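One structure below.
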Amino acid sequence: MNSSTIPERKDVPASDKWDLTTLFKTDQDWEAALSQIETDAKAVAAFEGKMSSSAEVLLAALKAYEKLWKNVELVANYAGLLKTTDEGDEKYSDMEGRADMAVSKAAALTSFFDSELSAIADGDIKAWIEREDFKDYKIYVQKLLRQKEHILSQKEERILALQSESGSTAEKTFSVAENVDINNLFGTVNVDGKDLPLTQTTWTQFMENPDRSVREKAYKQFYKNFESHQNILASLYAGSVNQDVFIARARGYKSSLDAALFGNKVPESVYRNLIDTVHKNFGPLRKYYSIRKRALGVQQLRHYDVYVPLVPNVETKTSYDEAVEICREALAPLGKEYTDTLCGGLKGGWVDRYENKGKRSGAFSNGGYTGYPYILLNYKDTIIRDVFTMAHEGGHSMHSWFSAKSNPFMQYNYTIFEAEVASTFNEELVFQYLIKKADKPEMRTYLLAMRAADIMATLHRQTMFAEYELKAHELVESGTPLSAPVLRKLYRGLLEEYFGPEMVFEENSDMEGLRIPHFYSAFYVYKYATGISAAMALADRVTKGGEAERNDYFNFLKSGGSRYPIESLKVAGVDMESPAPVQAALDKFAAIIDELDKTIK
């Protein structure tokens with residue numbers, strides 16, 4: 003599909019769009035719900051100073067709070083989903099902007115809520131939530147009370163709330179700098195006689211180009227531009243880390259890492275075990291780069307050689323409907339209810355299927371408490387990876403579907419730690435299905451190479467990122483200020499350690515550490531690595547087990563926010579406090595590398 007054949011949004015058939023009427027029947031209904039937000043927020047605010055007076059008053063306050071935020075979720079989801087279908091549509095931008103403003107105002111009006119609730123006498127609150135009429139709020143209150151030692155006085159909480167906008171300056175400025183100011187300075191790269199723009203969006207395409215000279219030019223041009231802004235970028239990241247340290251210390255956490263993990267009750271050992279286990283298994287990773295060097299036929303493996311496909315694309319054509327049926331068959335171990343629900347949704351209103359002008363790139367799942375668990379795709383029938391993307395986002399949506407149906411609103415939302423499990427679980431089952439069905443050696447090799455790259459990108463690379471974040475925060479906490487030389491030296495050391503002796507880096511390869519947006523959401527990326535490890539272990543357990551193992555997995559999907567993530571995964575049958583799941587995933591990676599070593603000459 004070229005730009006001339008990409009349709010305008012208005013020309014996309016209804017059958018290819020998601021059906022947002024499960025959220026609101028019309029835009030007018032949305033407008034009415036939007037106007038209700040302020041009224042509902044004021045109703046919550048009326049309870050300020052009264053929540054400790056009796057169980058009945060607290061219950062009424064919780065119900066008002068629930069009503070407010072259930073509507074907020076609906077309003078925000080509807081506007082956000084519309085905006086993603088046409089980023090240039092002024093109406094959708096206006097709707098999203100007005101929703102954001104209403105939500106911010108509601109948050110300010112109700113900022114007292116958690117602090118006041120946590121200040122209720124322990125004896126009273128613990129007795130009240132045991133009452134039957136508190137059953138929909140008990141877990142929410144218990145989780146909030148666990149945070150009590152880190153919740154400050156109402157005056158202090160207000161100060162932190164007022165500081166939150168200025169505290170996000172580093173992140174916002176980085177986003178503008180990276181996506182606008184710096185993004186406009188990369189220039190063009192000549193490919194087959196045509197000067198093509200080099201941008202953050204096209205970067206991946208250049209790195210996957212089979213012409214090494216194109217990759218080299220794009221890489222050096224890209225990082226030279228970043229290097230010319232190194233001090234600004236380093237200062238912004240230092241500001242973000244300093245903000246994390248400030249918040250952690252203000253709230254009385256032991257460290258920034260403790261602050262990031264405490265809310266989800268994730269032991270620090272989970273984070274550190276991940277890094278340690280990956281370090282102990284560098285052998286297969288180094289072997290992978292040796293295979294890549296051999297396959298590319300280069301004397302020196304360079305950093306711009308790591309993204310080009312190890313095996314050339316195998317020509318395939320899989321229609322959208324055929325992809326849905328692959329998902330149905332691949333996910334059959336989960337039973338008919340699961341596959342019928344998912345595949346019915348994939349064909350019946352959950353999905354915005356194809357690219358249109360102005361539509362957001364990539365893919366995501368957006369499941370709320372009310373309405374379908376929506377999926378945005380940009381499906382292309384010539385790319386087998388898009389079948390995996392469908393299964394991946396379908397896993398997220400089914401997780402949301404089970405969670406919403408099994409829990410009250412105040413405890414239905416699961417954590418990011420758990421989210422990546424359900425999605426990568428589905429990817430693993432699709433891989434197992436397709437590898438068994440591969441009837442040509444080149445297809446099998448292609449699938450193995452793709453799976454190896456995916457595991458490496460999700461497990462090894464995200465662990466390297468996680469280690470970088472940890473060390474950067476520890477430097478600040480120990481009194482070492484962050485600067486461009488400090489951060490670049492730190493990141494280069496990790497690059498050399500993870501990639502091993504086969505890799506030859508450029509002088510500015512370490513600038514990569516100053517351009518990753520995820521670093522501005524501290525201690526987030528490790529969840530990708532733990533997620534794929536848990537998913538691979540559970541996929542193995544379910545496919546080799548029986549009804550009991552499948553039910554364990556469903557109990558995990560149904561947990562929502564009723565348990566802490568480590569506990570909900572134990573229900574499914576995997577213990578992330580042990581290094582065993584990470585080791586098992588690394589063992590699978592090693593087995594794939596061994597087979598690739600035999601097939602790629």
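Going by my numbering, the final residue of the sequence shown carries number 603, and the count climbs one at a time with no gaps. Cβ coordinates follow ideal geometry from the N, Cα and C atoms, glycine included. Note that the structure is a prediction, hence the values are computed from the model and not measured.
Reference residue i; option with closest CA among the options
i: I568; options: E395, N266, L379; result: N266
i: D456; options: Y309, D126, S258, T203; result: Y309
i: L276; options: I594, S580, D307, P212; result: S580
i: I602; options: V313, D354, S480, A424; result: V313
i: L489; options: P212, G125, D512; result: D512
i: A35; options: A63, E75, L64; result: E75
i: D91; options: K52, G360, R565; result: G360
i: V576; options: K590, E597, D542; result: D542
i: L378; options: P199, D21, S37; result: D21
i: I141; options: V182, V506, T171, L64; result: L64
i: T545; options: A454, D599, F427, M458; result: F427
i: L333; options: T86, M412, V432, D126; result: V432
i: T482; options: K107, G51, A240, I39; result: A240
i: L336; options: Y566, D554, M505; result: D554
i: R304; options: G397, I122, K174, E498; result: E498
i: E597; options: V268, A454, Q202; result: A454
i: T201; options: A250, N380, N227; result: N227
i: S215; options: L298, L60, I437; result: L298
i: S480; options: S257, S363, Y435; result: S257
i: M412; options: A47, I8, K72; result: K72
i: M578; options: A43, F208, S271; result: S271
Residue i classed as buried or exposed, judged by whether at least 16 other C-beta atoms fall within 10 angstroms
i: L164; result: exposed
i: V14; result: buried
i: S535; result: buried
i: E151; result: exposed
i: D323; result: exposed
i: M466; result: buried
i: N211; result: buried
i: E10; result: exposed
i: H231; result: buried
i: Q301; result: exposed
i: K420; result: Correcting the residue identity first, residue 420 is Glu in this sequence and not Lys. Burial call: buried.
i: A550; result: exposed
i: S129; result: The sequence shown places Ala at residue 129, rather than the Ser named in the question. Exposed is the call here.
i: I161; result: exposed
i: N233; result: exposed
i: P286; result: buried
i: S37; result: exposed
i: V243; result: buried
i: H398; result: buried
i: K85; result: buried
CB-CB length for residue i against residue j, believed under 8 Å
i: H475; j: D138; result: Actually they do not touch by this definition, with Cβ atoms about 37 Å apart.
i: T204; j: V584; result: Actually they are not in contact, since the Cβ atoms of T204 and V584 sit about 34 Å apart, beyond 8 Å.
i: F284; j: G502; result: 7 Å
i: A586; j: A539; result: 5 Å
i: M400; j: L146; result: In fact, because the Cβ distance is near 28 Å, the residues do not count as touching under 8 Å.
i: A57; j: R133; result: 7 Å
i: H394; j: E429; result: 5 Å
i: L450; j: I594; result: 5 Å
i: N409; j: E229; result: Not a contact, Cβ separation roughly 49 Å.
i: D418; j: K572; result: The displayed chain sequence assigns Ile, not Asp, to residue 418. I418 to K572, Cβ: 18 Å. No contact.
i: L484; j: A261; result: The pair is not a contact, with the Cβ atoms about 18 Å apart (cut-off 8 Å).
i: R463; j: E180; result: The pair is not a contact, with the Cβ atoms about 19 Å apart (cut-off 8 Å).
i: G562; j: Y416; result: 5 Å
i: I122; j: M53; result: 7 Å
i: K107; j: E40; result: 6 Å
i: D383; j: K319; result: 6 Å
i: Y290; j: M458; result: 7 Å
i: A66; j: L111; result: Incorrect: roughly 12 Å between the Cβ atoms, too far for contact.
(request) List in chain order: all unbroken beta strand (DSSP E) runs of 3+ residues lying wholly within the segment 133 to 217. (result) Entirely contained in the segment 133 to 217, the beta strand (DSSP E) runs reaching 3 residues are, in chain order, 190 to 193, 196 to 199.
(message) I'd like to know if the segment 377 to 392 and the segment 324 to 333 are in contact, where contact means that at least 3 CB-CB pairs between them fall below 8 Å.
(response) The segment 377 to 392 is in contact with the segment 324 to 333.
(message) I'd like to know if the segment 212 to 224 and the segment 183 to 193 are in contact, where contact means that at least 3 CB-CB pairs between them fall below 8 Å.
(response) Yes, they touch.
(message) Runs of 4 residues minimum, wholly inside the segment 231 to 317: which ones carry the alpha helix (DSSP H) assignment?
(response) Taken in chain order, the complete alpha helix (DSSP H) segments of 4 residues or longer contained in the segment 231 to 317 are 232 to 252, 258 to 264, 270 to 281, 284 to 298.
(request) Please list the segments of the beta strand (DSSP E) lying wholly inside the segment 498 to 581, counting only runs of 3 or more residues, in order along the chain. (result) Taking only runs of at least 3 residues, no beta strand (DSSP E) segment lies wholly in the segment 498 to 581.
(request) Evaluate the contact criterion for the segment 116 to 130 versus the segment 151 to 160: three or more CB pairs, one atom per stretch, below 8 Å. (result) Yes, they touch.
(request) Mind listing, in chain order, the continuous beta strand (DSSP E) runs of no fewer than 3 residues lying wholly within the segment 324 to 392? (result) Complete beta strand (DSSP E) runs here, min 3: 366 to 369, 375 to 378.
(message) Under 8 Å, with one C-beta from each stretch per pair, do the segment 459 to 475 and the segment 403 to 411 reach the 3-pair mark?
(response) Here the segment 459 to 475 does not lie against the segment 403 to 411, with fewer than 3 beta-carbon pairs under 8 Å apart.
(message) Any contact between the segment 63 to 79 and the segment 95 to 110? By contact I mean 3 or more CB pairs, one from each, below 8 Å.
(response) Cβ pair count under 8 Å is three or more, so yes.
(request) Examine the Cβ distances between the segment 361 to 380 and the segment 510 to 526 and report whether three or more of them are shorter than 8 Å. (result) The segment 361 to 380, when compared against the segment 510 to 526, does not touch it at the 8 Å Cβ threshold.
(message) With a threshold of 8 Å, are at least 3 pairs of Cβ atoms found where one atom belongs to the segment 345 to 363 and the other to the segment 11 to 28?
(response) Yes: at least three Cβ pairs fall under 8 Å.
(message) I want to know whether the segment 165 to 183 touches the segment 441 to 448 - three or more CB-CB distances under 8 Å.
(response) The segment 165 to 183 is not in contact with the segment 441 to 448.
(request) Let me know the alpha helix (DSSP H) ranges lying completely inside the segment 447 to 498, each 4 residues or longer, listed in chain order. (result) Segments of the alpha helix (DSSP H) lying fully in the segment 447 to 498: 463 to 479.
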